[in-house]
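*Asks:* Heads up, the sequence shown is in the numbering used here, so the first residue is -13 and it goes up one at a time. Here it is, the structure in full.
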Amino acid sequence: MTREIVSQSQARMEKAVEDFKHHLSSVRTGRANVGLIDHIKVDYYGTLMPLNQVASLAVPDPTSITVQAWDISQLAGIEKAIRSSDLGLNPTNDGKVIRVPIPPLNEERRKELVKHLHKVLEDHRTAVRNIRRDENDRLKKALKDKKISEDDEKKALDEIQKMTNQHIEKLDGLAKGKEKEIMEV
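Here it is in structure tokens:
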């Protein structure tokens, strides 16, 4: 029973770290990256679809992204979706391809991005701690229902705490790397 609880908490914490990594890919740095815009929702014949499902995205150089729509009639909608996103990008449409220039970040915008990064980091740390709390509650309930011994409970609680610390360290390391990347001029 304790093995099951510990392995479930491990899996849930890994998911939190993966979600954070996915979120980091959409945080803007000075370089072009398709992860920056692939999550933008586009109105595709009345359905909101992620941009990467209605067009192919490419990075021809470090300062721009190209969007090649699979259906040319959707170019205007794609351009509008990119422009109205909170990324502050100004795409240009030549009738076949949308080019999205990635302007260099100014100091103020870099600081805003780092602030946003710290908020997202704290949300994911909280998620990992909530997983720890949930699993600890399950262990305490199992002990109360006499499904596990006190020794097993203590070992599992220690193991979950170690996992929590490791995953929070992983999150912090990822955030530090991304912060350094954002602040690079």
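We put the beta carbon where it would ideally sit given N, CA and C, even for glycine.
(1) Please confirm whether Ile117 and Arg(-2) have their CB atoms less than 9 Å apart.
(2) Quick one: residues in its chain with C-beta nearer than 7 Å to the C-beta of Arg3, no 5 flanking neighbours on either side, listed in chain order?
(3) Please classify Ser11: is it buried, with 16 or more other beta-carbons within 10 angstroms of its beta-carbon, or exposed?
(4) Determine whether the beta carbon atoms of Leu37 and Ile(-9) lie at a separation below 9 Å.
(5) Do Lys82 and Gln54 have their beta-carbon atoms positioned less than 9 Å apart in this structure?
(6) What are the partner residues of Leu34, as DSSP defines its beta bridges?
(7) Alpha helix (DSSP H) containing Arg17: first to last residue?
(8) Closest to Gly74 by CA distance: which of Gly63, Val86 and Tyr31 is it?
(9) With DSSP as the reference, label Val53 as helix, strand or coil.
(10) Nearest to Ile64 by CA position, among Ile51, Thr49, Leu91 and Ile26, is which residue?
(11) Just the Cα atoms here: how many angstroms apart are Asp72 and Met149?
(12) CB-CB under 7 Å to Leu160, same chain, minus the five flanking residues each way: which ones, in chain order?
(13) Give me the residue from Val28, Leu34 and Ile88 with the minimum Cα distance to Val45.
(14) Do Leu99 and Leu107 have their C-beta atoms closer together than 9 Å?
(15) On the criterion of 16 or more Cβ atoms from any shown chain inside 10 Å, does Tyr31 qualify as buried, or is it exposed?
(16) Can you look up Ser(-7) in the DSSP assignment and give me helix, strand or coil?
(17) Which word fits Ser(-5), buried or exposed, when buried means at least 16 other C-beta atoms lie within 10 angstroms of its C-beta?
(18) To the nearest angstrom, how far is it from the Cα of Ser135 to the Cα of Ala128?
(19) From Arg17, Val114, Val40 and Glu145, pick the residue whose C-alpha is nearest to that of Glu0; which is it?
*Replies:* Taking the coordinates as given:
(1) yes
(2) Looking at the sequence provided, one finds Val at residue 3 rather than Arg. Closer than 7 Å at Cβ, skipping near neighbours: His153, Lys156 and Leu157.
(3) exposed
(4) no
(5) yes
(6) Asp29
(7) That residue, Arg17, is in no alpha helix (DSSP H); it is neither H nor E in DSSP.
(8) Val86
(9) strand
(10) Ile26
(11) 35 Å
(12) Phe6, Lys7 and Leu10
(13) Ile88
(14) no
(15) exposed
(16) helix
(17) buried
(18) 9 Å
(19) Val114
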